[in-house]
Structures are given as structure tokens and as C-alpha cells.
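A quick write-up on the structure given underneath.
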Amino acid sequence: MGRSPCCEKSHTNKGAWTKEEDDRLIAYIRAHGEGCWRSLPKAAGLLRCGKSCRLRWINYLRPDLKRGNFTEEEDELVIKLHSLLGNKWSLIAGRLPGRTDNEIKNYWNTHIRRKLLNRGIDPATHRPLNDSPVHQDVSSTISFNGVKQEKNEIIDNNPSKEERCPDLNLDLRISPPYHRTQQPADSFKTGAKPLCFFCSLGVKNSKECTCTIDTAAASSSGNNTNNSGYDFLGLKTGFLDFRSLEMK
DNA sequence: AATGCGTCCAACCGCCCCCTA
DNA sequence: ATAGGGGGCGGTTGGACGCAT
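Residues 1 to 248 (full-length UniProt numbering) are what the first sequence spells out, left to right.
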């Protein structure tokens with residue numbers, strides 16, 4: 001017994017969307033906002049699966065989408081983020097305003113993969129193609145555990161530890177997401193604690209999350225004020241300079 | 001003009017996670 | 001505590017298009 005289908009497939013259209021369907025979806029969302037995708041098609045008079053409506057809206061109809069070619073800066077940012085996050089397209093998209101995960105995924109597979117291959121870099125590992133597998137790390141991409149390890153190394157301030165992914169020199173600074181999460185100014189006003197690295201990336205309830213730890217510590221000590229000095233990564237620096245995570 | 005091939009990208013599929021009752 | 005539902009995500013597919021032969 002599998003789970004119940006998200007919609008009655010026999011009564012739904014599939015394939016390319018028509019102009020009329022687009023108009024109906026846009027009009028409905030303008031009037032009612034993004035709500036329950038499952039019930040939206042019926043309410044909007046669309047013979048579509050709710051998921052299909054969601055995808056169409058997010059990837060194509062949303063008014064804040066940036067259409068057109070990727071800039072060189074966007075290219076490089078995607079490459080850097082991919083080297084850090086792997087195929088977490090939604091997280092990568094969260095750092096590129098106006099770009100969708102689907103768009104970035106397609107762009108990666110069609111353009112950037114080839115670009116990296118031309119540079120002699122394996123797009124999956126971000127290592128030189130002729131690099132012997134014997135010398136490669138077990139993980140094909142930099143995992144969150146790897147990030148945690150790096151973060152701990154910073155905190156430990158121990159420069160003697162071995163570097164990961166030595167071929168990569170990531171001159172990357174991660175800033176809070178452009179959208180989706182709100183915090184910044186208000187959190188300072190209200191005294192709310194800035195998000196840790198994992199929360200800032202949109203990873204919910206991560207085991208690595210330091211927000212809850214700090215919050216618990218703060219509440220247990222009766223101290224509910226902002227832990228000033230910690231940035232959104234949960235580090236004591238003003239920002240995380242990924243040069244300190246250099247993988248050269 | 002017809003055909004074959006490669007590329008691009010919108011859309012689908014199925015799994016997973018999270019929330020809620 | 002847990003099962004079920006809904007939403008989100010990543011992988012994959014297939015049709016449209018352009019170019020070469």
C-alpha cells in the first residue's frame with residue numbers, strides 16, 4: 001500500500017501549461033495568496049495537480065523571478081555554493097534572488113558542468129579530473145558535517161589541522177539569505193538571537209543547530225538577551241570568511 | 001527539404017520531512 | 001507517541017528547438 005496520490009490523476013491535465021491556465025493560476029494567487037496547493041486547483045478552476053500548480057507558480061509565474069541568462073558573478077556564486085552545499089538546489093537558490101532551484105539545477109547540468117569539465121574540474125567533487133581517487137576524501141561533496149568540522153576548527157583556532165579539499169580556494173562569504181528568512185534588523189531590536197549557520201541555510205531542526213543549544217543555555221541561566229557578538233552563523237566573528245575554510 | 005543529433009528547459013515523479021490531529 | 005497528509009526537494013524525462021550533414 002503506497003500513500004494516496006496527491007490528486008485524482010485521471011481528471012488532471014499534464015504537460016505544458018496553456019496561457020489560460022497560467023492566467024487562472026495567477027488570478028487566483030493574486031486574490032487569495034499561496035495557500036493549500038492541494039485544494040487550489042479546484043478552487044481556481046484548474047484541472048491540474050496541486051503540485052503542478054505549485055511548480056508552475058514557483059518556477060515560472062512568480063512575479064519576482066529574474067529571467068534571462070546567468071551573469072558571470074552568478075555562475076561563480078553557484079559554483080562556490082555547490083562546492084559547499086552539493087546538490088542542495090533550493091539552498092543555493094535561496095542565495096540567488098530571482099532564481100529558482102529548478103532553474104539553477106538545469107543551468108548547472110547544461111552549462112556549469114561543462115564549464116568545470118573544460119577547466120579540468122570534476123563538477124561532482126570540485127577536484128581536478130586527474131586527481132587520484134586514492135587521495136580523495138570519502139565524501140564527494142562538502143557535507144554539513146564537513147562544514148561543522150571546519151567551523152569547529154575555526155572556533156578551536158587550530159591552524160595545524162589538515163585542510164579538506166585542498167584544490168579548492170573558496171573566496172566566499174556567506175551572508176544571510178536574501179529572502180524567505182526574516183531576521184536582521186528586527187531581531188536586534190527585539191533581542192532575538194541570530195540564526196546559526198544551519199538555520200540560516202534553511203536547514204530546519206538540524207542536529208548541528210546551535211540556536212536551540214544557546215537558547216536553552218540562555219533560558220536556563222535566566223538570560224534572555226541577545227547573545228551579541230555572534231553572527232548568524234553562530235560564530236564570534238562579524239562574518240564567516242570562507243577563506244578561513246580555504247580548500248586550496 | 002529531410003534527417004539526425006545535441007542542447008535546453010519545463011514539467012513530472014517519487015521520496016522525504018515536517019506538521020498536526 | 002504515532003500515523004497520515006501536505007509541501008518541498010532532487011532526479012529524471014520528454015518535447016521543442018537549433019544546427020550540421
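By construction, the Cβ of each residue, glycine as well, lies at the ideal position given by its N, Cα and C atoms.
Asked, Found
"Which whole-angstrom value describes the C-beta separation of residue 100 and residue 59, a residue pair presumed to lie in contact below a C-beta threshold of 8 Å?", "5 Å"
"Here's a check: name, in chain order, each residue in its chain whose Cβ is nearer than 8 Å to the Cβ of residue 15, leaving out the five neighbours to either side.", "none"
"Between the stretch 58-78 and the stretch 99-113, are three or more C-beta pairs nearer than 8 Å?", "yes"
"How would you call residue 39, buried or exposed, if buried means at least 16 neighbouring beta carbons within 10 angstroms?", "exposed"
"Is the CB-CB distance between residue 48 and residue 12 below 7 Å?", "yes"
"Just reading off the alpha helix (DSSP H) that residue 49 is part of, what are its end residues?", "Per DSSP, residue 49 belongs to no alpha helix (DSSP H) and is neither H nor E."
"Measure from the alpha carbon of residue 105 to the alpha carbon of each residue in 29, 116 and 92, then state which is nearest.", "92"
"From the DSSP output, in three-state form, read off residue 127 for me.", "strand"
"Can you tell me the Cα-Cα spacing of residue 85 and residue 95, whole angstroms?", "12 Å"
"Can you name, in chain order, every residue of its own chain whose Cβ lies under 7 Å from the Cβ of residue 81, other than the five neighbours on each side?", "92 and 95"
"So if DSSP puts residue 58 in a beta bridge, which residue, or which two residues, is it bridged to?", "In DSSP, residue 58 forms no bridge with anything."
"For residue 249, does the three-state DSSP call read helix, strand or coil?", "There is simply no residue 249 to check, as the chain begins at 1 and stops at 248 in what is shown."
"Helix, strand or coil for residue 16, going by three-state DSSP, please let me know.", "coil"
"Under the three-state reduction of DSSP, which class applies to residue 66: helix, strand or coil?", "coil"
"Which stretch, first to last residue, makes up the alpha helix (DSSP H) that contains residue 90?", "89-94"
"Using the beta-carbon count (16 or more within 10 Å), is residue 118 buried or exposed?", "exposed"
"Using CA atoms only, rank isn't needed, just tell me which of 75, 64 and 130 is closest to residue 109.", "75"
"Could you give the DSSP three-state label for residue 99: helix, strand or coil?", "coil"
"How is the alpha helix (DSSP H) around residue 82 delimited, first residue to last?", "72-85"
"Taking Cβ positions, are residue 90 and residue 126 nearer each other than 7 Å?", "no"
"Under a three-way DSSP split, which group does residue 38 fall into?", "coil"
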